[in-house]
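Enquirer:
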Amino acid sequence: MNKWLYEFDAKNIIKKEDGSQDKVIKKFALLKPNRRLREDGELFYAAETSRFAKAGVLPKAAWGTILSNGGGSISEQEREQYGNLLLKFRDLSFELQTILIKGEGERTETEKKRSDELINDLDDIRRDIQNFESSQISIFENTAEAKARNRTILWWVMNLSYEKDGDNYSPIFKGESLDEKLLQYDNFEDEETKYEFLLGVIRRITYLTTLWFLGRADTSEDFEAFDKSFLRENKLETEEPPKEEAKKVEEIKVEEVKIEETVSIIEEIKPE
Numbered sequence: 072m073n074k075w076l077y078e079f080d081a082k083n084i085i086k087k088e089d090g091s092q093d094k095v096i097k098k099f100a101l102l103k104p105n106r107r108l109r110e111d112g113e114l115f116y117a118a119e120t121s122r123f124a125k126a127g128v129l130p131k132a133a134w135g136t137i138l139s140n141g142g143g144s145i146s147e148q149e150r151e152q153y154g155n156l157l158l159k160f161r162d163l164s165f166e167l168q169t170i171l172i173k174g175e176g177e178r179t180e181t182e183k184k185r186s187d188e189l190i191n192d193l194d195d196i197r198r199d200i201q202n203f204e205s206s207q208i209s210i211f212e213n214t215a216e217a218k219a220r221n222r223t224i225l226w227w228v229m230n231l232s233y234e235k236d237g238d239n240y241s242p243i244f245k246g247e248s249l250d251e252k253l254l255q256y257d258n259f260e261d262e263e264t265k266y267e268f269l270l271g272v273i274r275r276i277t278y279l280t281t282l283w284f285l286g287r288a289d290t291s292e293d294f295e296a297f298d299k300s301f302l303r304e305n306k307l308e309t310e311e312p313p314k315e316e317a318k319k320v321e322e323i324k325v326e327e328v329k330i331e332e333t334v335s336i337i338e339e340i341k342p343e
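Residue numbering for the sequence shown follows the working numbering, starting at 72 and increasing by one per position.
1) What does the Cβ neighbour count give for T223, buried or exposed, with the cut at 16 atoms within 10 Å?
2) Apply the 10 Å Cβ neighbour rule to G112 and answer buried if 16 or more other Cβ atoms are within range, or exposed otherwise.
3) Report buried or exposed for L220, applying the criterion of at least 16 other Cβ atoms within 10 angstroms of its Cβ.
4) Sort out for me which residues DSSP pairs N239 with in a bridge.
5) Suppose you measure from the CA of N305 to the CA of Y153; what does that come to, to the nearest Å?
6) Is the region 190-197 touching the region 159-177 in the sense that three or more CB pairs, one from each, lie closer than 8 Å?
7) How long is the line joining the alpha carbons of K108 and G176, rounded to whole angstroms?
8) Within 10 Å of its beta-carbon, does T214 have 16 or more other beta-carbons around it, so buried, or fewer, so exposed?
9) Go to N258, then tell me how far its alpha helix (DSSP H) extends in each direction, as first and last residue.
10) When DSSP builds the beta bridges, which residues end up paired with A81?
11) Relative to the C-alpha of E149, which residue among F259, N202, L171 is closest?
12) Do you know how far the Cα of L114 is from the Cα of T169?
13) Per DSSP, W75 forms a beta bridge with which residues?
14) Rounded to the nearest angstrom, what separates D250 and E119 at their Cα positions?
15) Could you tell me the distance, in whole angstroms, from the CA atom of F297 to the CA atom of L279?
16) Going by beta-carbon coordinates alone, are F123 and K183 separated by less than 8 Å?
17) Count the other CB atoms within 10 Å of the CB of E204; is the residue buried (16 or more) or exposed (fewer)?
18) Out of curiosity, what's the CA-to-CA distance linking G286 and A81?
19) Could you tell me whether the region 225-235 touches the region 91-107, where touching means 3 or more Cβ pairs closer than 8 Å?
20) Compute the Euclidean distance between the alpha carbons of L302 and I96, then round it to the nearest angstrom.
21) For a test of the three-state rule: what should DSSP assign to K86, helix, strand or coil?
22) For a quick check, are the C-beta atoms of S186 and L167 less than 8 Å apart?
23) Considering Cα atoms alone, identify which of D261, E260, L225, E263 is closest to S248.
24) Taking only the alpha-carbon atoms, compute the straight-line gap between P130 and E88 and give it to the nearest angstrom.
25) L171 and E216 - do their beta-carbons sit closer together than 8 Å?
26) Are the beta-carbon atoms of F294 and W227 separated by less than 8 Å?
Structure representation (C-alpha cells):
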C-alpha cells in the first residue's frame, strides 16, 4: 500500500563564494493519512468550528436561515439543496463524534468500520458544500466553518509534510502538538534568507494540500497536474509540458478549481 499521497523533487540552487552554483535535488512527500490521523483531523475541525462560533463568528446555520428567508442570490431549489446538505453533514458529524469520543481501544469493530464510512461520507458531503459555497464566496468565507476549514488545512500541512533524509522520509515540522510545529514554522519565517528554499517548498505543499482537502486532488495524476501548474505559475519550471499534459491542466483550471480562490485560502491559513 502506498504510504504517500504524492512525492516530488525540488531543486535547490546554492550560490558558492566563488560565484558558481550547485544544484541539489531534494525529495519531498505528502503523507497519506491513516484512519487515526483522519479522525484527529475531523476532531480538530469540529473543535475549531466551535471555537470560532463561540468567538462570535456566524456559523453556516445562521447563514442558512438568512438564505431560507430570501437572502442571497440563489434559487429556492438551491436553498433547499444547501439546507439538506448542512443537515446531513451535521447529523453524520454528530454520529462520528459519538464514536471518536471513545478511545481507539474501546471501540468495537463495527464502530471502527462505521467511523471509516462516516469519514468518507463526510468528505463527499463537504465537497458538495464547498462546490456550492464557491459560487457564493462573499457570503461563506466569513463563517465559523470557513475559518475552521482554513485552520484545518494548516493543521494538515503541519502533519502531512515530509522530506527525505538519507533513505527515509521524516516530518518537516517536528513536535507533538500543533503549537510546537507552528513555532518551528515561525522560526523558518523569522530566518527567511536561511530557509528560503524550504519556505518555497512549504508553499508548494500548502497549495497541494489545500486542493486535496477541498476534494480537487485525489489521484497522483491530479497532484502531478496541479503541481506542474503551480511551478509554471511561480516560474519555477521553464520547460513546456507535453501537449496532452498542458491540455489537462487547462481543463482543470477551467472547471471548478480557481487558483485565485486557493491562493486566498493559503494566505489566510497562516498562524494567528
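Cβ atoms here follow ideal geometry from the backbone N, Cα and C, with glycine treated the same way.
These numbers were taken from a predicted model, which means no experiment stands behind them.
Expert: This is what the structure holds:
1) buried
2) buried
3) According to the sequence shown, residue 220 is Arg rather than Leu. So R220 ends up on the buried side.
4) D236
5) 36 Å
6) yes
7) In the sequence as displayed, the identity of residue 108 is Leu instead of Lys. L108 and G176: Cα-Cα distance of roughly 15 Å.
8) buried
9) 249-261
10) K97
11) N202
12) 11 Å
13) L102
14) 14 Å
15) 7 Å
16) no
17) buried
18) 24 Å
19) yes
20) 15 Å
21) strand
22) yes
23) L225
24) 55 Å
25) no
26) no
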